[in-house]
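In the numbering used here, the protein residues as written are 6 to 94. For each residue, glycine too, the CB sits at the ideal point set by N, CA and C.
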């Protein structure tokens, strides 16, 4: 399963593109996606703790433009967006 994560606000600094792709073998939750994104940030930007804080405080939005909780299940290829807090949270 491939999750396309659209980047907005400060999260656009995570990639040269406006999105990131994550691959998972089976059903996950938004919390699993958040954890994978945090791990990517730790690997790609090991000294930037601000990026980790942004991920921890960000909301995620579904393809229907609804904010989804960490418990929201993802079980097929889909697109989500990360919505960082405005003004630092």
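In the same chain as residue 46, and ignoring 5 residues on each side of it, the C-beta atoms closer than 8 angstroms to its own belong to 19, 53, 56, 57, 60, in chain order. The beta-bridge partner set that DSSP reports for residue 83 consists of 8. Where residue 49 is concerned, the enclosing alpha helix (DSSP H) starts and stops at 35-49. In chain order, 34, 35, 65, 67 place their CB closer than 8 angstroms to the CB of residue 77, counting only its own chain and leaving out the 5 sequence neighbours on each side.
For the pair residue 24 and residue 10, the CB atoms are nearer than the 8 angstroms cut-off.
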